[in-house]
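Undergrad:
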Amino acid sequence: MFIETENNEIALMTKGQKIVRNVISWWAVIGFGLWVGGTLFSMLVIVPLWSSSPPESVRSFFLGTNFNNTVLNFFGPQWMVVRAAPLFIYTALSWRNKKKWWLIISSMSMIIIIIFTLVYIYPINEALMTQAGGTYSRDEVCIMVYDWVFADRVRFFIGTIGYLCLLRAFQINED
Amino acid sequence: MISQLVRICTVILTGMIAGTLWCIWFGFNPKTLSLTSYLEQQQNLIKSFNVLMPALGLVAIIFTLITAFINKERKSVLFSLLVAAICLICSGLVTRFGNQPINAVVITWTPEHFPENWTDVRDKWWLLHIIRSVTSFVAFLLVVQSEIRK
Numbered sequence: 001m002f003i004e005t006e007n008n009e010i011a012l013m014t015k016g017q018k019i020v021r022n023v024i025s026w027w028a029v030i031g032f033g034l035w036v037g038g039t040l041f042s043m044l045v046i047v048p049l050w051s052s053s054p055p056e057s058v059r060s061f062f063l064g065t066n067f068n069n070t071v072l073n074f075f076g077p078q079w080m081v082v083r084a085a086p087l088f089i090y091t092a093l094s095w096r097n098k099k100k101w102w103l104i105i106s107s108m109s110m111i112i113i114i115i116f117t118l119v120y121i122y123p124i125n126e127a128l129m130t131q132a133g134g135t136y137s138r139d140e141v142c143i144m145v146y147d148w149v150f151a152d153r154v155r156f157f158i159g160t161i162g163y164l165c166l167l168r169a170f171q172i173n174e175d
Numbered sequence: 176m177i178s179q180l181v182r183i184c185t186v187i188l189t190g191m192i193a194g195t196l197w198c199i200w201f202g203f204n205p206k207t208l209s210l211t212s213y214l215e216q217q218q219n220l221i222k223s224f225n226v227l228m229p230a231l232g233l234v235a236i237i238f239t240l241i242t243a244f245i246n247k248e249r250k251s252v253l254f255s256l257l258v259a260a261i262c263l264i265c266s267g268l269v270t271r272f273g274n275q276p277i278n279a280v281v282i283t284w285t286p287e288h289f290p291e292n293w294t295d296v297r298d299k300w301w302l303l304h305i306i307r308s309v310t311s312f313v314a315f316l317l318v319v320q321s322e323i324r325k
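Top to bottom, those sequences are chains U and G.
Heads up: the first sequence begins at 1 in the numbering used here, then just goes up one per residue.
Heads up: the second sequence begins at 176 in the numbering used here, then just goes up one per residue.
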């Protein structure tokens, strides 16, 4: 199997390598697509449940449900790795063909989302979700809720751009 | 260009449906919730999605069928997309004749007025939800696979 590279060179790609690349690309699109759908659900249904009237809604939701455990079954760090790894591998495997730049943008968006989540959103989660507002004042909880909702929307926007770039790369026929 | 746009929309729409349903399946199992928390979560879900999701599903089915028609010369792609459309239709039928009748009942419940067998109703809804999650995920897998095969 031959693929045309960016410099119009012809690179040899074995059938096995092509299968691996296809599986990885498939996995990357599935993983990213599920994240977009799941985040949309979370934004429309779950977030309003605890953000509607803070701090009471925060305390009743996070103390009254098992959310802090069950949410990890979909959005947990392990699934972050499962979603991100195939995208990075797909980008590396496509480094010498014309879909490279779309995948670089997509990978960059994933890296930004991961760093943003770990550095900015997780510390808020600790106070807002794990401690259900804890000993923070009413105003502090309200500010944290506002910051979290805004950050979640920014994250979703960046992720959607990354997903669209991934789909664009996915559509480019490299054979 | 239009063909590419339709194909990309098909992937996005089926992905959104599968992602939403899977997120509920894995992240928001109501079995551990108290009645009050369950009612709050479920009624909010019904208000937000009872119209939106079936509409999204219908559009996804139409786009999948259009993509199948565009690829009518490629038999394997056509077959994958037709099976994907059937899976989406199955999800739609399970929603229409399984989940939505239950939703119509649950939306009327209050923490003070609810039936004794509310956990049976909840569990039946959950089983139907798992079925439609699986069928929509298979549809998404097939749509993405058809893009690889193109």
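In this text, a Cβ means the ideal position worked out from N, Cα and C, and glycines have one as well.
Under the three-state reduction of DSSP, which class applies to residue 171/U: helix, strand or coil?
TA: In this structure, residue 171/U counts as helix in the three-state DSSP scheme.
Undergrad: When the cut-off is 7 angstroms and only beta carbons count, does residue 160/U lie next to chain G?
TA: False, the Cβ-Cβ gap to chain G never drops below 7 angstroms.
Undergrad: So which residues of chain G does residue 167/U contact, with C-beta pairs closer than 8 angstroms?
TA: Those are 183, 186, 187, listed as they occur along chain G.
Undergrad: Given a cut-off of 7 angstroms on the beta-carbon distance, is the pair residue 141/U and residue 54/U in contact?
TA: The answer is yes: Cβ separation under 7 angstroms.
Undergrad: Could you work out which residues of chain U lie near residue 274/G, taking near to mean beta carbons separated by less than 7 angstroms?
TA: Ordered by position in chain U, no residue passes the 7 angstroms Cβ test against residue 274/G, which lies about 14 angstroms from the chain.
Undergrad: Is it true that the CB of residue 163/U sits closer than 7 angstroms to the CB of residue 82/U?
TA: No, the pair does not count as a contact, with Cβ atoms beyond the cut-off.
Undergrad: Between the C-alpha atoms of residue 287/G and residue 44/U, what's the straight-line distance to the nearest angstrom?
TA: Distance between the alpha carbons of residue 287/G and residue 44/U is about 26 angstroms.
Undergrad: Out of 87/U, 24/U, 34/U, which one is the CA nearest neighbour of residue 198/G?
TA: Out of 87/U, 24/U, 34/U, 34/U has the C-alpha closest to the C-alpha of residue 198/G.
Undergrad: Taking a contact to mean a Cβ-Cβ separation below 7 angstroms, would you say residue 207/G touches residue 73/U in this structure?
TA: No, these two residues do not count as a Cβ contact at 7 angstroms.
Undergrad: Between the C-alpha atoms of residue 312/G and residue 25/U, what's the straight-line distance to the nearest angstrom?
TA: The straight-line gap from Cα to Cα measures roughly 17 angstroms.
Undergrad: Would residue 167/U pass as a contact of residue 186/G if the rule is Cβ separation under 7 angstroms?
TA: Cβ distance < 7 angstroms, so residue 167/U and residue 186/G count as in contact.
Undergrad: Tell me which residues share the same chain as residue 290/G and place their Cβ nearer than 6 angstroms to its Cβ, disregarding the 5 neighbours each side in the sequence.
TA: Closer than 6 angstroms at the Cβ level, and outside the excluded window around residue 290/G, lies no residue.
Undergrad: Have a look at 76/U, 131/U, 95/U and flag the residue whose alpha-carbon is nearest the alpha-carbon of residue 58/U.
TA: Comparing Cα-Cα distances from residue 58/U to each of 76/U, 131/U, 95/U, the minimum goes to 131/U.
Undergrad: Assess, as a yes-or-no matter, whether the region 271-285 of chain G is touched by the region 217-233 of chain G under the definition of 3 or more beta carbon pairs within less than 8 angstroms.
TA: Yes, the region 217-233 of chain G is in contact with the region 271-285 of chain G.
Undergrad: Three Cβ pairs or more, each shorter than 8 angstroms: is that satisfied between the region 298-316 of chain G and the region 261-276 of chain G?
TA: Judged by Cβ distances under 8 angstroms, the region 298-316 of chain G makes contact with the region 261-276 of chain G, as three or more pairs qualify.
Undergrad: Under 7 angstroms Cβ to Cβ from residue 180/G, same chain only, skipping five residues before and after it: list those, please.
TA: There are no such residues.
Undergrad: Tell me whether residue 318/G is buried or exposed, calling it buried when 16 or more other Cβ atoms sit within 10 Å of its Cβ.
TA: Label assigned to residue 318/G: buried.
Undergrad: Answer yes or no: does any C-beta atom of chain G fall closer than 7 angstroms to that of residue 145/U?
TA: Not an interface residue.
Undergrad: Our contact map puts residue 316/G next to residue 30/U with C-beta atoms below 8 angstroms; I'd like the distance itself, whole angstroms only.
TA: Yes, residue 316/G and residue 30/U are in contact; Cβ-Cβ is about 7 angstroms, under 8 angstroms.
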